[in-house]
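Residue numbers (my numbering): 1012 to 1379.
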């Protein structure tokens, strides 16, 4: 059953030139959407940025038939609507300066989703980016952290899939409506997310993906989370927009270092240069965010058990790992494995990030 308050919030969302920033000011002044509509023109106009003209638009709103059609559509498709004044509205998102007044949701938001971290990155990912994202998302999900991302190709999809593989919860924020999954090849992934988390959008259910929608959705990705982790990104990646929103919102920004000659790592290396927390293992994130999660699970046996980590290595990684029972220089590893230099460096960095090897006086050696 859709509440009266949600109806009023949907109505506010329909009014021209009154966006999220002004709506938050109205809620700060009047508390509930119904009280906003019950206020006088003078009371509304007194709120900074509203003025007489916008106040009149609120008082003269008459598109209630549009609201009822939207509500009926959502009910028929099992789409939940969370209003800004709803107790289920994400607490961290409510804190940003421009939160959406309504969220459309397929799936379910739970209180545990307040302990969320966003993972974002390039759509065109490298094998290194894929492996690192898989491991970090998996390990974070094992700790009970909800992983938020954007359902895009590349890093986003890997983050969602790895979280689901760990049995964790994940939330996808769309730049389209929740009935218009984009990209279309992720429809099956979207259905899995709905069963183990939620798909959320501030846009009406049938709205298609528009270029201007994606920066707007990025503020929600960061806003839902206590921190944003960029695992791989070019310097022009939209992931850097998400990271900038996180900074504006007073949230943590994390980045995984990469090869300085790789365009796919230019964005993450830039973020680290500008002050983002460098991440080589999950513990680097926990050091910064444990204060935000009073009920955060301690590092699990699985996470601390190096044998479990080695079980997840691919064939090439196992080859390199297995020969490092004695300290070896890079050229010795290349000679023994027959792999090219770039491949070996990529694997060594991956193993270091997982905490499986150390580099001591120029030589690489297994930790166990």
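Backbone N, C-alpha and C define an ideal beta-carbon position, used for all residues, glycine too. Note that this is a predicted model, so its numbers are computed, not measured.
Backbone secondary structure at residue i - three-state DSSP
{"i": "residue 1279", "result": "helix"}
{"i": "residue 1257", "result": "helix"}
{"i": "residue 1121", "result": "coil"}
{"i": "residue 1339", "result": "strand"}
{"i": "residue 1328", "result": "helix"}
{"i": "residue 1374", "result": "strand"}
{"i": "residue 1248", "result": "coil"}
{"i": "residue 1059", "result": "coil"}
{"i": "residue 1139", "result": "helix"}
{"i": "residue 1093", "result": "strand"}
{"i": "residue 1290", "result": "coil"}
{"i": "residue 1243", "result": "strand"}
{"i": "residue 1133", "result": "coil"}
{"i": "residue 1153", "result": "helix"}
{"i": "residue 1044", "result": "helix"}
{"i": "residue 1333", "result": "helix"}
{"i": "residue 1192", "result": "coil"}
{"i": "residue 1160", "result": "strand"}
{"i": "residue 1103", "result": "helix"}
{"i": "residue 1181", "result": "strand"}
{"i": "residue 1032", "result": "helix"}
Cα-Cα separation, residue i to residue j
{"i": "residue 1307", "j": "residue 1158", "result": "Low per-residue confidence applies at residue 1307: pLDDT is 48, beneath 50, and the placement is therefore not dependable, though the value from the model is reported in the following sentence. If you take the alpha carbons of residue 1307 and residue 1158, they lie about 14 Å apart."}
{"i": "residue 1358", "j": "residue 1271", "result": "15 Å"}
{"i": "residue 1016", "j": "residue 1286", "result": "42 Å"}
{"i": "residue 1080", "j": "residue 1127", "result": "33 Å"}
{"i": "residue 969", "j": "residue 1267", "result": "Limits of the chain in this structure are 1012 at one end and 1379 at the other, which puts residue 969 out of reach."}
{"i": "residue 1055", "j": "residue 1065", "result": "8 Å"}
{"i": "residue 1335", "j": "residue 1367", "result": "10 Å"}
{"i": "residue 1283", "j": "residue 1252", "result": "15 Å"}
{"i": "residue 1120", "j": "residue 1269", "result": "34 Å"}
{"i": "residue 1263", "j": "residue 1073", "result": "43 Å"}
{"i": "residue 1341", "j": "residue 1377", "result": "14 Å"}
{"i": "residue 1338", "j": "residue 1345", "result": "13 Å"}
{"i": "residue 1370", "j": "residue 1360", "result": "10 Å"}
{"i": "residue 1277", "j": "residue 1132", "result": "12 Å"}
{"i": "residue 1104", "j": "residue 1281", "result": "26 Å"}
{"i": "residue 1322", "j": "residue 1146", "result": "12 Å"}
{"i": "residue 1051", "j": "residue 1036", "result": "16 Å"}
{"i": "residue 1347", "j": "residue 1333", "result": "11 Å"}
{"i": "residue 1160", "j": "residue 1130", "result": "6 Å"}
{"i": "residue 1350", "j": "residue 1362", "result": "16 Å"}
{"i": "residue 1106", "j": "residue 1032", "result": "12 Å"}
{"i": "residue 1196", "j": "residue 1246", "result": "26 Å"}
{"i": "residue 1049", "j": "residue 1082", "result": "22 Å"}
{"i": "residue 1239", "j": "residue 1288", "result": "10 Å"}
Segment limits, alpha helix (DSSP H) that includes residue i
{"i": "residue 1170", "result": "1166 to 1176"}
{"i": "residue 1021", "result": "1015 to 1025"}
{"i": "residue 1233", "result": "1224 to 1234"}
{"i": "residue 1051", "result": "Here residue 1051 belongs to no alpha helix (DSSP H), and DSSP marks it neither H nor E."}
{"i": "residue 1364", "result": "1352 to 1364"}
{"i": "residue 1008", "result": "The displayed coordinates of the chain run from 1012 to 1379. Any statement about residue 1008 would go beyond what the structure contains."}
Close beta carbons around residue i, own chain, < 8 Å, minus the five adjacent residues each side
{"i": "residue 1354", "result": "1327"}
{"i": "residue 1030", "result": "1109"}
{"i": "residue 1204", "result": "1118, 1162, 1171, 1175, 1181, 1182, 1183, 1210"}
{"i": "residue 1325", "result": "1142"}
{"i": "residue 1237", "result": "1103, 1126, 1127, 1128, 1262, 1263, 1300, 1303, 1304"}
Cβ-based neighbour list, residue i, same chain, cut-off 6 Å, excluding 5 preceding and 5 following
{"i": "residue 1144", "result": "1166, 1169, 1170, 1242"}
{"i": "residue 1310", "result": "Confidence at residue 1310 is low in this model, with a pLDDT of 39, below 50, so its placement is unreliable and the value that follows should be read with caution. Cβ within range, chain order: n/a, list empty."}
{"i": "residue 1149", "result": "1173, 1177"}
{"i": "residue 1068", "result": "1026"}
{"i": "residue 1141", "result": "1169"}
{"i": "residue 1112", "result": "1020, 1023, 1024, 1034, 1095"}
{"i": "residue 1163", "result": "1134"}
{"i": "residue 1179", "result": "1152"}
{"i": "residue 1013", "result": "1082"}
Own chain partners of residue i with C-beta closer than 7 Å, once the 5 adjacent residues on each side are dropped
{"i": "residue 1084", "result": "1216"}
{"i": "residue 1226", "result": "1252"}
{"i": "residue 1229", "result": "1249, 1252, 1253, 1256"}
{"i": "residue 1102", "result": "1125"}
{"i": "residue 1062", "result": "1056"}
{"i": "residue 1244", "result": "1132, 1133, 1250, 1251, 1278, 1279"}
{"i": "residue 1088", "result": "1190, 1216"}
{"i": "residue 1059", "result": "1036"}
{"i": "residue 1274", "result": "1245"}
{"i": "residue 1028", "result": "1065"}
Span of the beta strand (DSSP E), counted from its first residue to its last, around residue i
{"i": "residue 1211", "result": "1208 to 1212"}
{"i": "residue 1264", "result": "1263 to 1266"}
Residue-chain proximity (residue i, chain D), Cβ-Cβ < 7 Å
{"i": "residue 1326", "result": "In summary, chain D is missing from the structure at hand, where a single protein chain is found."}
Quiz item: Hey, is the segment 1293 to 1300 in contact with the segment 1225 to 1233, meaning 3+ C-beta pairs nearer than 8 Å?
Solution: no
Quiz prompt | Cβ contact check for the segment 1321 to 1337 and the segment 1188 to 1200: 3 or more pairs under 8 Å | solution = Cβ pair count under 8 Å is below three, so no.
Quiz item: Hey, is the segment 1205 to 1217 in contact with the segment 1176 to 1183, meaning 3+ C-beta pairs nearer than 8 Å?
Solution: Contact between the segment 1205 to 1217 and the segment 1176 to 1183 is present, with at least three C-beta pairs closer than 8 Å.
Quiz item: Below 8 Å, can you find three or more Cβ-Cβ pairs linking the segment 1090 to 1103 to the segment 1015 to 1030?
Solution: yes
Exercise. May I ask you to verify whether the segment 1135 to 1151 touches the segment 1219 to 1230, counting CB pairs closer than 8 Å and requiring at least 3?
Key: no
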